[in-house]
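K.L.:
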Amino acid sequence: MIIRKASIQDVDAIFDLIDSYAKEDLLLPRTHLSLYENIQCMRVAEQNGKIIGAGSLHVLGRDLAEVRSLVISPGCKGLGAGRKLVYNLIEDAEKLGVENVFAMTYQVDFFHKCGFTIVDKQELPQKIWKDCMSCPKFLNCDETAMLIKVADYKKMTSLH
């Protein structure tokens, strides 16, 4: 399995993965256009020439970026693709000079294993004002906000 930057040719496969989770209300839907517009922020997990996972890093400010649309093909869970994607996205944040990476998630255990901790959504005002206000679940958000400091990620990975 390899983790690599996504390309235009990957958009249909990424869309299909996201759409399968969005139909179950586990992820916000994305349009083909939004994937094309943000392809430079995306990474994919590829195994035997097939896209088995994807995720993106969306910068919200000088010191904050979000892991978005993290998906793994249901038959490929447990192979480490999700963790590798998250770590690659954190490393992308580091290269950009972003200090904090967060995720809004239902997968609390997974992100905890990746080094994230639960934070109050109010600690993420850029996210609240930019994206959450237009979300249909805004008043009844059932996702958990989790954050990792890039410096803590570096300490964690230097131990292994």
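For the sequence shown, the residue numbers in the numbering used here are 3 to 162.
A virtual CB, placed ideally from N, CA and C, is assigned to each residue, including glycine.
Owing to the predicted nature of the structure, the values given are computational and were not obtained by experimental measurement.
1) Quick check on DSSP: helix, strand or coil for serine 75?
2) The alpha helix (DSSP H) spanning asparagine 90 covers which residue range?
3) Judging by CA-CA distance, which residue of Ala56, Ile20, Val69, Gly63 is the nearest neighbour of alanine 8?
4) Whose C-beta lies closer than 6 Å to the C-beta of glutamine 49 among residues of the same chain, with five residues either side of it excluded?
5) In chain order, what residues of the same chain have a beta carbon less than 6 Å from the beta carbon of valine 121, not counting five sequence neighbours either side?
6) Looking at the secondary structure, which residues open and close the beta strand (DSSP E) in which lysine 52 lies?
7) Would the beta-carbon of valine 103 fall within 8 Å of that of valine 69?
8) Would you kindly work out how many angstroms separate the C-alpha atoms of alanine 15 and cysteine 43, rounded to a whole number?
9) When the Cα atoms are used, what is the spatial distance from valine 152 to leucine 87?
10) Nearest-angstrom Cα distance between aspartate 12 and glutamine 109?
11) What residues match up with lysine 102 in a beta bridge as DSSP calls it?
12) Tell me whether the beta-carbon of isoleucine 54 lies closer than 8 Å to the beta-carbon of serine 75.
13) Would you check if the distance between the CB atom of arginine 32 and the CB atom of phenylalanine 17 is smaller than 8 Å?
14) With 16 other CB atoms within 10 Å as the buried threshold, where does glycine 51 fall?
15) Take the Cβ of serine 160 as the centre, count every other Cβ of all protein chains shown within 10 Å, and call the residue buried at 16 or more, exposed below.
16) Report the rounded CA-to-CA distance for glutamate 101 versus alanine 83, giving the unit in angstroms.
P.N.:
If we stick to the structure as given:
1) coil
2) 83-98
3) Ala56
4) Counting only Cβ-Cβ distances below 6 Å, and skipping sequence neighbours, we find Met3.
5) Ala147, Leu149
6) 52-63
7) Result yes, Cβ atoms of valine 103 and valine 69 sit closer than 8 Å.
8) 16 Å
9) 15 Å
10) CA-CA distance, aspartate 12 to glutamine 109, rounds to 25 Å.
11) Per the sequence shown, residue 102 should be read as asparagine rather than lysine. Answer by DSSP bridge pairing, in chain order: Leu66, Lys151.
12) Closer than 8 Å, so yes.
13) Against a cut-off of 8 Å, the Cβ pair of phenylalanine 17 and arginine 32 comes out as a contact.
14) exposed
15) exposed
16) 23 Å
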